[in-house]
């Protein structure tokens, strides 16, 4: 082998040039037929005649199942299965040739060529009447049509059929042969005719009595190669008792104040569109074109087909109501509906970017971003105003705030001592607390007082109570009874501080007061009463407002 390599189909393959003129394969080509012969795909070795090996590689997904090579050394293209123009109208392959059996052998020379095949449609299917439903992707179940006509009347227009008008297409999409229509059965009396080009079915005469027609309609290709047949059912029914119907009981429209005669009423739901008032015959759709409309009770409006117009100049604003009657000229059936028309001032239609419309356009130019920027600026101004307010308050009332804060931070006395015993002996320590409802009087500024002596402890009080020399009991005027005791004395007119039996962890101190009556009586007796009063005065520290005699203070 020389260094010139191989030339394989990239320049010339037989009598055809690739890929300028890709070959066409008819859709109805038989399976196992040779599509392209070996002479058109064979490569030439310009160095010497070696044995060449060919490989067909797909480029179009799924195309490899349709074609294959006859052999590794024979580049004949063969059809392996039936072609489908609808799914694969064309397919692309790559033809690879090399001068060695193994792909990785060295030295080895290769060449490639791109092969494009176009599928030529064939006339395989008959015409299909639409709408149709595919059963397997190839066979379409054709539609059948039905309709109704009134007896005793001849309709001038084409019949309205269900599910649609008579229409057929060529089953082979790549051919598109025109379809010719004809009635081949069921029209013996000549009541109907069909347009050969469009398939529209019309009445030629009236039908006097109810009757059902079964018409067989044929759709044939213009080349007379294939045709199909479908059935059309037409029922002739009595038209009496079939009035038209409005789909809505109330229609709403709008018109500008000051409108003259002949202005179209607009739809309130879509002001840019005219208001359409349309009635339908549920049994005879063909008769919808024979329905006429009129306004029965309001001269300000009139009907023009299905549209409502102004019948006079509108000089007053407000809401107006009009009754519209629909009448079927064939069956003489009637129906009515109500139309609500809002007559109000409206801005003129926009004609440019000037005047009121221009101002509205400018107003609408504010976007969400603009509003967000405005909100940020307002927030900054509010923050600056708040800072200025704080500075002013601190400047004018700062010293007061410092005073209040200093008082609030003064340390409070701690401990578990009874604060009643820490008061000045000269002040009343058992006075009743003021009523919560009374308004407190602000006290005078306190004068600086010398340090108060430390109150005696419980152990000191106990020793005093046990000492026989603390107080003397006697009958003389100067006799003083001890007010510190460990026993409760039941006699009246005696004031005492009584300690519980267990003076250990805590002391139980009780002040016993005698009833007021006994105090008064004791005062009349003389020296003993005077001694009690002196003792009580010594205990209270000179307080004048004594508590109630029947009170016990713990």
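Residue numbers (full-length UniProt numbering): 1 to 554. Backbone N, C-alpha and C define an ideal beta-carbon position, used for all residues, glycine too. Note that this is a predicted model, so its numbers are computed, not measured.
The beta carbons of residue 268 and residue 221 sit no closer together than 8 Å. Note that the C-beta distance between residue 93 and residue 115 is below 8 Å. Only residues of its own chain outside the window of five on either side were considered, and among them 127, 168 and 219 have a CB closer than 6 Å to the CB of residue 179, listed in chain order. Around the beta carbon of residue 273, fewer than 16 other beta carbons sit within 10 angstroms, so the residue counts as exposed. Residue 266 is bridged by DSSP to 254 and 274.
For residue 39, the uninterrupted alpha helix (DSSP H) segment begins and ends at 38 to 41. Look at the beta carbons and you see the segment 201 to 215 not touching the segment 247 to 267: under three pairs across the two are nearer than 8 Å.
Taking each of 297, 315 and 333 in turn and checking the Cα distance to residue 323, the smallest one comes out for 297. Checking the DSSP bridge columns, you'll see residue 316 has no partner listed. The alpha carbon of residue 196 has as its nearest neighbour, out of 143, 183 and 376, the alpha carbon of 183. Relative to the Cα of residue 192, the nearest Cα in the group 224, 246, 397 and 148 belongs to 148. Of all C-beta pairs linking the segment 227 to 242 to the segment 326 to 338, three or more are shorter than 8 Å, placing the two stretches in contact.
Judged by their CB atoms, residue 160 and residue 181 are not nearer to each other than the 8 Å cut-off.
Counting only runs of 3+ residues, the beta strand (DSSP E) found wholly inside the UniProt domain "Cadherin" (24 to 129) occupies 24 to 26, 34 to 36, 53 to 58, 67 to 69, 77 to 79, 90 to 98 and 110 to 120, in chain order.
DSSP places residue 397 within a helical segment (H, G or I) once states are collapsed to three. For residue 293, the uninterrupted beta strand (DSSP E) run begins and ends at 291 to 295, by DSSP. Counting C-beta atoms within 10 angstroms of its own C-beta, residue 54 has 16 or more neighbours from the protein chains shown and is therefore classed as buried.
Taking C-beta separations shorter than 7 Å and ignoring five residues to either side along the sequence, the partners of residue 144 in its chain run 230 and 231, following chain order. In this structure residue 299 is not in contact with residue 317, their Cβ atoms being roughly 18 Å apart against a cut-off of 8 Å. Apart from the 5 residues on each side of it in sequence, residue 28 sits with its Cβ closer than 6 Å to the Cβ of 122 in its chain, given in chain order.
Sorting 90, 252 and 213 by C-alpha distance to the C-alpha of residue 270 places 252 at the top.
Around the beta carbon of residue 223, a 10 Å sphere encloses fewer than 16 other beta carbons of the protein chains shown; the residue is thus reported as exposed.
When rounded, the separation of the alpha-carbon atoms in residue 243 and residue 334 is 6 Å. Taking all protein chains shown into account, residue 301 has 16 or more neighbouring C-beta atoms within 10 Å of its C-beta and is therefore buried.
For residue 284, the closest alpha carbon among the candidates 276, 234, 194 and 190 is that of 234. For the pair residue 130 and residue 112, the CB atoms are not nearer than the 8 Å cut-off.
Between the alpha carbons of residue 188 and residue 150 lies a gap of roughly 19 Å.
As the crow flies, the alpha-carbon of residue 250 is around 10 Å from that of residue 321. For residue 339, the enclosing beta strand (DSSP E) stretches over residues 334 to 344. When the beta-carbon positions are compared, residue 91 and residue 69 stay at least 8 Å from each other. If you draw a straight line from the Cα of residue 215 to the Cα of residue 158, it is about 15 Å long.
Rounded to the nearest angstrom, the Cβ distance from residue 35 to residue 77 is 5 Å, consistent with a contact under 8 Å. In terms of Cβ geometry, residue 172 and residue 124 form a close pair [threshold 8 Å]. Counting of Cβ neighbours within 10 angstroms places residue 303 among the buried residues, the total reaching 16 or more.
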